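Enquirer:
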Amino acid sequence: MSSVRWKSIVAVVTNPFAQEQLAAVKAAALAARCGARLTLFNAFMIPQPTPDAPMDSAGEIIAGAIRDRRKQLQRLAKRLGRGELRIRVAVKWDFPAHEAIVRHVLETKPDVVVAESHRHGRIARWILANTDWELIRSCPAPIWFVRSAQLPRRPRVLVGVDPQHTHAKPARLDDRLLAAANALQQQLGGQVSLAHAYEPPLSAGPGMLMEPIRLPLPAKRSREFAAHVADAVRKLADRHGIEPAHCMLQQGAASEVLPRIAQSRKIDVLVMGAVSRSLLARPVIGSTAERVIDRVACDVFIIKPAGFKTPVQRKAARASVSRSRRRAA
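So for the sequence shown, the working numbering puts the first residue at 329; every next one is plus one.
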C-alpha cells in the first residue's frame, strides 16, 4: 500500500434494510475526506433456488430480491451522498458472503474495504466464522473493520509491529504496515504511533527426571535481549519517521499489551498484519492477533503481506451448479 491517495472504497452492507449502517456511514466519511468514489456492496444467499423449484420461478425470486436490495442501497446512497459524493451500489446473489466480497474486490480492485465488525468472543467468533475471520484470511485488499460510525477529525493510529518476527511475520510486513499507516495519516491527518510487545526467551535445563524444563534467562542476558529489541524498534521507527515519544515497547503478551496501550492512548484505529503460517501459505490471523482484535474497542485495519494471493476463485461455484441443474432439467 503506497502513499497514493485512495481512489476507490467499498463498504460492505450486510443488511441493506437495517437502521444502523456503521460501515457505510464511516466509509462515506472516509470517501469525503479522501475524495474517493464509494461503492455500497451487498451480497446475499437467501432466497436461494431450491432443487425442486423451476428455474424460471427461482430466477424471478432472485431478480426481485436484487431489485429490492438495490433500491434500498440507492436510498442509503442518497442519504449519505447528499449530492456531494460519488456513490455506486452493487448487489450480488453469491455465497458464502466472504467469497462474494472477495470476488467483487478482484473485479473492481478498491484501495480499501470497509466492513462492520462485532464484539467477537468465543461464541460470536464461531457464528461469524464465514464473515469477519474468513474475510481477513482471504481479502486481498486492506480491510477497515469499524466499530463506530464516527470518523475523528485527527484519528489516533496505532501500528502493532513485530521487528523480531516472533509471530512468523514476513520480514517486510512491519514496513508495509507503517507505510499504510503513514498513507492513512497523509489523507486523514492525525498521529501515528507504534507498539511492540515482547517476552524474553527462556532457556532450557534438565529436570528431576532429566526432562527439559524452561527457565528464565539470567538478568544480564535479559537486559541484552531487551536492548536488542529496543534497537530493532528504534531502527524501524526511524525508517518511517516515527518519533521516540510515539514508540511504545512493553514486556508482556501482545494480546494484553496492545489492547492496554490502545485503551490508555485512546486509539481510534489499530493497524495489524495478516500473516501466513500454513503449509499451503494460506493467510491466517494467529491466536495472538485474534485475542487482540477481540479485546480492543477501536477500529482495526488489516494489511496483507506483499504478494498475497487469495484462495477465493474469481468465478462463483454456484454458476456451474446452476448450469448443471439446467442441463439435468
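In this text, a Cβ means the ideal position worked out from N, Cα and C, and glycines have one as well. Here the structure is a predicted model, which means the values were calculated and not measured.
Comparing C-alpha positions only, which one of E427, L413, Q579 and A565 sits nearest to V340?
Expert: Here residue 340 is taken as the residue at index 12 of the sequence shown, counted from 1. That would be E427, whose Cα lies nearest to the Cα of V340.
Enquirer: With a floor of 3 residues, list each beta strand (DSSP E) that falls wholly inside the region 385-435, ordered by position along the chain.
Expert: Segments of the beta strand (DSSP E) lying fully in the region 385-435: 415-421.
Enquirer: So for H493, helix, strand or coil by DSSP?
Expert: The count along the sequence shown starts at 1 and reaches residue 493 at position 165. Coil at H493, not helix or strand.
Enquirer: Between the region 385-403 and the region 358-373, can you find at least three pairs of beta-carbon atoms closer than 8 Å?
Expert: Result yes; three or more Cβ-Cβ pairs closer than 8 Å.
Enquirer: Per DSSP, which one or two residues make a beta bridge with D627?
Expert: Position 299 of the sequence shown, counted from the first residue, corresponds to residue 627. Paired residue(s): V597.
Enquirer: At a cut of 8 Å, does the region 338-358 reach the region 385-392 through at least three beta carbon pairs?
Expert: Cβ pair count under 8 Å is below three, so no.
Enquirer: Going by the CB atoms, is the gap between I570 and A602 shorter than 8 Å?
Expert: Mapped onto the sequence shown, residue 602 falls at position 274. Mapped onto the sequence shown, residue 570 falls at position 242. No.
Enquirer: Please report the distance separating the alpha-carbon of P470 from that of L577.
Expert: The sequence position of residue 470 within the sequence shown is 142, counting from 1. The sequence position of residue 577 within the sequence shown is 249, counting from 1. Between P470 and L577, the C-alpha separation is close to 26 Å.
Enquirer: Who are T367's beta bridge partners in DSSP?
Expert: Here residue 367 is taken as the residue at index 39 of the sequence shown, counted from 1. The partner list for T367 (beta bridge, DSSP) reads V338 and R416.
Enquirer: Using CA coordinates, which residue listed in Q515, A508, Q519 and A554 is at the minimum distance from E527?
Expert: The residue you call residue 527 lines up with position 199 of the sequence shown. Per the Cα distances, A554.
Enquirer: I need the straight-line Cα distance from L463 to A573, nearest angstrom please.
Expert: Locating residue 463 in the sequence shown gives position 135, where the first residue counts as 1. Locating residue 573 in the sequence shown gives position 245, where the first residue counts as 1. Whole-angstrom Cα-Cα distance: 34 Å.
Enquirer: Using the C-alpha atoms, what's the distance from V353 back to K406?
Expert: Residue numbering aside, residue 406 sits at position 78 when the sequence shown is read from its first letter. Residue numbering aside, residue 353 sits at position 25 when the sequence shown is read from its first letter. Looking at the two C-alpha atoms, the distance is approximately 12 Å.
Enquirer: Return yes when the Cβ of P491 is within less than 8 Å of the Cβ of A560, no when it is not.
Expert: Here residue 560 corresponds to residue number 232 of the sequence shown, with the count starting at 1. Here residue 491 corresponds to residue number 163 of the sequence shown, with the count starting at 1. In contact: A560 and P491 (Cβ atoms closer than 8 Å).
Enquirer: Tell me the residue span of the beta strand (DSSP E) that contains A523.
Expert: One-based indexing of the sequence shown puts residue 523 at position 195. From DSSP, the beta strand (DSSP E) with A523 extends over Q519 to Y526.
Enquirer: Please report the distance separating the alpha-carbon of R416 from that of R551.
Expert: Residue 416 sits at position 88 when you count from the first residue of the sequence shown. Residue 551 sits at position 223 when you count from the first residue of the sequence shown. Rounded to whole angstroms, R416 to R551 spans 56 Å at the Cα level.
Enquirer: Check E571 in the structure and name its three-state DSSP category.
Expert: Residue mapping note: residue 571 aligns to position 243 of the sequence shown, counting from 1. The answer is coil: DSSP assigns E571 none of H, G, I, E or B.
Enquirer: Provide the residue(s) that pair with E444 in DSSP beta bridges, ordered along the chain.
Expert: Looking up residue 444 in the sequence shown gives position 116. Paired residue(s): V474.
Enquirer: By the three-class DSSP mapping on this structure, what secondary structure does Q349 have?
Expert: Residue mapping note: residue 349 aligns to position 21 of the sequence shown, counting from 1. Three-state result, Q349: coil.
Enquirer: Can you list, in chain order, the residues of its chain whose CB lies under 6 Å from that of G409, leaving out five sequence neighbours each side?
Expert: Along the sequence shown, one-based indexing puts residue 409 at 81. Cβ neighbours of G409 beyond the five flanking positions: I415.
Enquirer: In terms of residues, what are the limits of the alpha helix (DSSP H) holding L506?
Expert: Counting from 1 along the sequence shown, the entry for residue 506 is found at position 178. Start and end: L501 to L516.
Enquirer: Return the residue from the list A558, R484 and L512 that minimises the CA-CA distance to C626.
Expert: On the sequence shown, residue 626 is found 298 positions in, with the first residue counted as 1. Out of A558, R484 and L512, R484 has the C-alpha closest to the C-alpha of C626.
Enquirer: Please name the residue in V433, P480, P633 and A418 whose C-alpha comes closest to that of I595.
Expert: By one-based count along the sequence shown, residue 595 stands at place 267. Here the closest residue by C-alpha is P480.
Enquirer: What distance in whole Å lies between the Cβ atoms of R593 and S476, which are believed to be in contact at a cut-off of 8 Å?
Expert: Locating residue 476 in the sequence shown gives position 148, where the first residue counts as 1. Locating residue 593 in the sequence shown gives position 265, where the first residue counts as 1. Contact doesn't hold; Cβ gap of about 17 Å is too wide.
Enquirer: According to DSSP, is F636 helix, strand or coil?
Expert: Sequence index remark: in the sequence shown, residue 636 carries index 308 (1-based). Correct three-state label for F636: coil.
Enquirer: Roughly how far, in whole angstroms, is the beta-carbon of A634 from the beta-carbon of R500, given that I think they are within contact range, below 8 Å?
Expert: The count along the sequence shown starts at 1 and reaches residue 634 at position 306. The count along the sequence shown starts at 1 and reaches residue 500 at position 172. With 8 Å as the limit, A634 and R500 qualify as a contact, their Cβ atoms being about 7 Å apart.
Enquirer: Taking DSSP as the reference, what is the three-state secondary structure of R484?
Expert: Along the sequence shown, one-based indexing puts residue 484 at 156. Residue state, collapsed to three classes: strand.
Enquirer: Less than 8 Å between the beta carbons of P468 and S336, yes or no?
Expert: Translated into positions along the sequence shown, residue 468 becomes position 140. Translated into positions along the sequence shown, residue 336 becomes position 8. No.
Enquirer: Here's the rule I'm using: 16 or more other beta-carbon atoms within 10 Å means buried, otherwise exposed. How should H432 be labelled?
Expert: The residue given as residue 432 occupies position 104 in the sequence shown. Label assigned to H432: buried.
Enquirer: Can you list, in chain order, the residues of its chain whose CB lies under 8 Å from that of N510, leaving out five sequence neighbours each side?
Expert: Stepping through the sequence shown from its first residue, residue 510 is reached at position 182. Once the five neighbours on either side are set aside, the close Cβ partners of N510 are S331, V520, H568 and G569.
Enquirer: Pick from E435, S445, K563 and L564: whose alpha carbon is nearest that of R642?
Expert: Residue numbering aside, residue 642 sits at position 314 when the sequence shown is read from its first letter. The shortest Cα separation from R642 among E435, S445, K563 and L564 belongs to E435.
Enquirer: Between R365 and P529, what straight-line distance do the alpha-carbon atoms span, to the nearest angstrom?
Expert: Start at 1 with the first residue of the sequence shown, and residue 365 comes out as number 37. Start at 1 with the first residue of the sequence shown, and residue 529 comes out as number 201. Cα to Cα, the separation comes out at about 48 Å.
Enquirer: Give the C-beta separation of A590 and L486 to the nearest angstrom, bearing in mind that I take them to be a contact with Cβ-Cβ under 8 Å.
Expert: For the purposes of this step, residue 590 is identified with residue 262 of the sequence shown, where counting begins at 1. For the purposes of this step, residue 486 is identified with residue 158 of the sequence shown, where counting begins at 1. Yes, A590 and L486 are in contact; Cβ-Cβ is about 6 Å, under 8 Å.
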